[in-house]
Amino acid sequence: MQAEIIDVVNRIGLMADRRDWQACRDVFSDRVETDYTSLNGGQPTSVNADDLINGWKAFFTQTFTTTQHLIGSHVVTITGDRAICLSNFQAHHVYLDTQKGTWTLGGFYEHTLVHTADGWRVNRMKMTWTWEQGTRP
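Under my numbering, the first residue of the sequence shown is numbered 1, with each subsequent residue one higher.
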């Protein structure tokens, strides 16, 4: 079961990097709580997964030529039909505007998953940003 959960979490960044938006969407439950407050301030939000992916698609397409999201050192805790996966991440972004250069950030993710008839799905993700280099969008 841990391998299945890690596979789901890994697919988020990899499928976004490959711009396979449907495959990226498939790992999420219909509603997802996202928490990027360590990077952007504000409050965590609950969003429709289709809206989340469409937002990523528009942002990535309009901003970056390529991205690479690396995630690893997973620690998985399973409790019944729920799981939490803690991971390190590093995300590298290359801008369309070559004068802006690149933006790389790193930190930790906490993904919460629920087991459904279709397998494990992410219903919450919290990013804790700890460092960055380059120009932030």
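In this text, a Cβ means the ideal position worked out from N, Cα and C, and glycines have one as well.
Query: Check whether V8 and W120 have beta carbons under 8 angstroms apart; Result: yes
Query: Pick from T116, V76, Q99 and F89 that is closest to G13, judged by C-alpha positions; Result: F89
Query: Residues near D50 in its chain [Cβ-Cβ closer than 7 angstroms; skip 5 each side]; Result: R25
Query: Per DSSP, cross-strand counterpart(s) of Q68; Result: H92
Query: Validate contact between the stretch 26-41 and the stretch 119-133 using beta carbons, cut 8 angstroms, 3 pairs; Result: yes
Query: Bridge-paired residues (DSSP) for R82; Result: T79 and V114
Query: Where the alpha helix (DSSP H) through Q22 begins and ends; Result: W21 to R25
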